[in-house]
Amino acid sequence: MIEAASPGSKQDAGQVANAMRAVYVRELAAYFLTPLAYVFIAIFLIALGAFTFEIGRFFETNQADLAPFFLFHPWLYLVFLPAIAMRLWADESKGGTLELLLSLPAPVWSIVIGKFLAAWTVAAAALLFTTPMWMSVNWLGAPDNAAIALTYAMSFLMAGGYLAVACAMSAVARNQVVAFVLSVAVGFVFTAAGLPVVASGIAGSLGPGAADALASFSLLTHFEAAQRGVLELRALFFYVAFIALWLSLNAIWVGARKGG
Amino acid sequence: MSVNALPPNAMDALQVENLSRSFGSRQAVRKVNLRVAIGETVAIMGPNGAGKSTTLRMIAGYLEPDEGDAWINGASIQSDRTRAQLSLGYLAEGAPLYLDLSAKDFLAFLARTHGLRGAEAKDAIARAAEDAAITDVLSRPIETLSKGYRRRVALAGAIVHDPPVLILDEPTDGLDPNQKIAMRSLIKRMGQAKAILISTHQLDEVEAMCSRAILIDGGEIVADSTPAELAARAPGGRLEDAFHALTRGEAEV
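Next up, the structure:
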């Protein structure tokens with residue numbers, strides 16, 4: 010028989026890590042042992058390529074950088090990442106496995122993080138498959154590789170932000186379609202807040218201070234600094250805090266659904 | 090009638106004290122007290138909506154009680170939840186499963202969540218699979234298994250970490266007579282070394298497997314004795330008659 014850990018002991022922390030790891034592996038398997046992750050990655054890469062080359066006019070800029078490529082990341086994340094996260098909690102409700110999951114010897118937040126990390130790994134894999142673009146610009150010219158690496162890192166963090174919103178929305182909704190629509194809607198608010206057209210509208214009616222304040226909550230705003238090759242600590246802090254906030258809401262909403 | 094509050098007792102693997110829960114204005118469970126010692130298999134019976142599943146869900150930590158607590162192997166489900174749940178095997182109503190996984194992967198997932206890894210996990214899965222008689226279907230996806238096998242896979246999941254306390258919510262529901270006999274035999278065997286609390290509508294099952302029967306109605310315990318004593322309280326001397334006499338028929342939901 011299993012010897013239970015003492016309260017607050019290192020064994021407790023170990024048990025939380027065990028459960029988190031088990032949930033992560035189970036979710037990752039659910040993505041990669043089914044066509045889900047592969048279909049997502051393929052469509053994401055096709056869409057990103059189409060936007061970069063057709064709308065971003067990658068070759069016509071005659072510059073060895075990835076600006077036209079990174080330009081579309083927020084918008085593609087906005088639509089694509091909810092598609093991989095929408096099943097995470099909505100499926101548990103639909104399949105009746107929420108009771109099984111929430112009766113495991115692990116706090117809700119550890120299960121939330123396990124699921125989120127699995128979805129973030131799929132996003133990371135998708136991003137990894139775009140690195141041939143990076144190799145291409147190195148073959149074509151002499152890009153600022155440090156700036157590109159920074160933008161990749163911030164893009165990954167931004168993807169975490171969109172995913173955290175989508176995970177939380179999946180916990181709110183009881184079916185995947187509703188979760189997807191809610192995720193896109195909430196994600197759009199936190200993207201559009203950084204658009205110049207929105208900023209000028211807000212500045213005109215509420216003043217430039219209000220416009221700046223609103224823009225500072227946008228995932229887009231903080232990514233733009235990275236696209237210029239500038240590492241802003243506040244952007245780093247923003248993404249980490251944004252992810253933590255939405256994962257906390259996720260855990261609260263899952264906890265509230267305990268007991269049906 | 091409600092049983093008085095009981096002080097925690099180190100001899101009992103499962104102790105429940107004053108457990109209560111309301112849903113809106115409806116009091117689903119009212120001050121339930123019970124104890125189950127190692128070697129005991131106790132049935133919790135009652136009409137639909139009587140509060141059986143709500144009680145089990147609170148003991149398992151899935152549902153927060155409004156009042157009261159449960160101690161599993163000495164750990165409080167309220168204040169020391171993880172430790173309590175490590176000592177508990179819980180088969181929820183309807184036996185929820187991840188249908189996309191094979192039976193083996195499902196058991197491996199549950200073994201890992203309980204801290205079992207490597208050879209220890211492998212041995213635990215083999216033992217649970219043998220106990221639940223699912224060794225021949227271990228590699229098959231759960232979605233391809235019959236209802237009887239699915240129920241046994243769920244039971245194997247509840248026992249994979251060899252917990253001292255088992256809570257089984259209607260484990261034989263939907264099984265054919267042969268499967269029921271096999272499941273009862275397994276529960277009876279496990280009951281020799283574990284404390285088992287089992288919710289069931291099958292009165293013959295209670296007589297065959299359980300050393301004690303708790304009858305719950307309207308969220309309250311109305312009887313707690315051996316099945317034979319309970320049956321003797323009815324004019325016909327049958328458990329079915331006692332059930333009918335002590336409950337108010339179909340509970341309001």
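In the order they appear, the protein sequences are chains A and B. Under the working numbering, think of the first position of the first sequence as 10, with each following residue one higher. Under the working numbering, think of the first position of the second sequence as 90, with each following residue one higher. Just so you know, even glycine gets a beta-carbon here, dropped at the ideal spot from N, CA and C.
Could you tell me if residue i is buried or exposed, where buried requires 16 or more neighbouring beta carbons within 10 angstroms of its beta carbon?
i: A235 (chain A); result: buried
i: L103 (chain B); result: buried
i: L190 (chain B); result: buried
i: V32 (chain A); result: buried
i: L242 (chain A); result: exposed
i: E294 (chain B); result: buried
i: L223 (chain A); result: buried
i: I64 (chain A); result: exposed
i: I55 (chain A); result: exposed
i: E108 (chain A); result: buried
i: F1 (chain A); result: With chain A represented from 10 up to 269, any question about residue 1 (chain A) goes unanswered, as that position is not in the structure.
i: K269 (chain B); result: buried
i: F79 (chain A); result: buried
i: E140 (chain B); result: First, the amino acid is wrong: residue 140 (chain B) is Gly here, not Glu. Counting Cβ neighbours within 10 Å, G140 (chain B) comes out buried, since at least 16 surround it.
i: P141 (chain A); result: exposed
i: Q281 (chain B); result: exposed
i: Q72 (chain A); result: exposed
i: V181 (chain A); result: buried
i: E318 (chain B); result: exposed
i: V105 (chain B); result: buried
i: R66 (chain A); result: exposed
What would DSSP say about residue i, mapped onto helix, strand or coil?
i: A208 (chain A); result: helix
i: E309 (chain B); result: strand
i: K120 (chain B); result: strand
i: M348 (chain A); result: As shown, chain A starts at 10 and ends at 269. That puts residue 348 (chain A) outside it, with no answer to give.
i: Y179 (chain B); result: strand
i: N259 (chain A); result: helix
i: D286 (chain B); result: The identity of residue 286 (chain B) in the sequence shown is Leu, whereas the question assumes Asp. Correct three-state label for L286 (chain B): strand.
i: P136 (chain B); result: coil
i: R280 (chain B); result: Reading off the sequence shown, one finds Gly at residue 280 (chain B), where the question assumed Arg. G280 (chain B) falls in the coil class under three-state DSSP.
i: D158 (chain B); result: strand
i: R237 (chain A); result: coil
i: V131 (chain B); result: strand
i: N184 (chain A); result: coil
i: E106 (chain B); result: strand
i: M10 (chain A); result: A caution first: M10 (chain A) carries a pLDDT of 47, below 50, which makes its placement in the model unreliable, though a value can still be read off. Reduced to three states, the DSSP call for M10 (chain A) is coil.
i: V254 (chain B); result: strand
i: F138 (chain A); result: coil
i: R239 (chain B); result: helix
i: F226 (chain A); result: coil
i: R81 (chain A); result: The sequence shown places Phe at residue 81 (chain A), rather than the Arg named in the question. The answer is coil: DSSP assigns F81 (chain A) none of H, G, I, E or B.
i: I252 (chain A); result: helix
Starting from the C-beta of residue i, find all residues in its chain whose C-beta is less than 6 Å away, skip the five residues before and the five after it, and write them out in chain order.
i: Y86 (chain A); result: A168, Y171
i: L166 (chain A); result: Y248
i: T143 (chain B); result: R110, A117, V118
i: P96 (chain B); result: At P96 (chain B), the pLDDT of 48 sits below 50, so the modelled position is not reliable; the number obtained from the coordinates is stated separately. There are no such residues.
i: A243 (chain B); result: L180, A184, L186
By Cβ distance, which residues of its chain are closer than 7 Å to residue i, with the 5 residues on each side in sequence left out?
i: A222 (chain B); result: R241, A271
i: T200 (chain A); result: P83, L87, S227, L228, L229
i: A181 (chain B); result: D258
i: A200 (chain B); result: A210, A213, I214, V249, H250
i: D265 (chain B); result: G237
i: T224 (chain B); result: A218
i: S176 (chain B); result: I161, N162, A164, P252, P253, V254
i: W143 (chain A); result: L75, I157
i: A331 (chain B); result: L319, A320, R322, A323
Using a Cβ-Cβ cut-off of 8 Å (strictly less than) and excluding sequence neighbours within five positions of residue i, which residues of its own chain qualify?
i: K277 (chain B); result: T130, A297, M298
i: V25 (chain A); result: A115, P116, S119
i: L111 (chain A); result: V117, I120, V263, K267
i: W255 (chain A); result: G170, A173, V174, C176, A177
What residues from chain D crowd round residue i, counting only those whose CB sits closer than 8 Å?
i: T202 (chain B); result: Of the protein chains in the structure, A and B, none is chain D.
Short of 9 Å Cβ to Cβ, which residues in the segment 209-237 of chain B face chain A? none
Mind listing which residues of the segment 254-267 of chain A have their C-beta closer than 7 Å to chain B's C-betas, in chain order? K267
For the segment 262-273 of chain B and the segment 116-124 of chain B, state whether three or more C-beta atom pairs, one from each stretch, are separated by less than 8 Å. no
Would you say the segment 119-127 of chain A touches the segment 207-217 of chain B, given that touching needs at least three Cβ pairs under 8 Å? no
Would the segment 144-158 of chain A count as touching the segment 229-243 of chain B if we require 3 or more Cβ pairs under 8 Å? no
For the segment 111-138 of chain A, which residues have a CB atom closer than 8 Å to at least one CB atom of chain B, in sequence order? L111, S112, L113, P114, A115, P116
If contact means a Cβ-Cβ distance below 7 Å, which residues of the segment 154-177 of chain B contact chain A? N162, A164, D169, T171, R172, Q174, L175, S176
For the structure I just gave you, are there three or more beta carbon pairs, one from the segment 259-269 of chain A and one from the segment 141-155 of chain B, closer than 8 Å? yes
Going along the chain, which residues of the segment 111-126 of chain B sit with their C-beta nearer than 9 Å to a C-beta in chain A? F112
Is the number of C-beta pairs between the segment 45-62 of chain A and the segment 132-145 of chain A that are closer than 8 Å three or more? yes
So does the segment 301-308 of chain B actually touch the segment 322-336 of chain B, counting three or more Cβ pairs closer than 8 Å? yes
Please confirm if the segment 150-164 of chain A is in contact with the segment 175-195 of chain A, defined as three or more CB-CB distances below 8 Å between the two stretches. no
Give me the subset of the segment 39-50 of chain A whose CB atoms are less than 9 Å from a CB atom of chain B, sorted by chain position. A39, L42, T43
Using a Cβ cut-off of 9 Å, which residues of the segment 128-155 of chain B contact any Cβ in chain A, in chain order? T143, R146, M147, A149, G150, Y151, L152, E153
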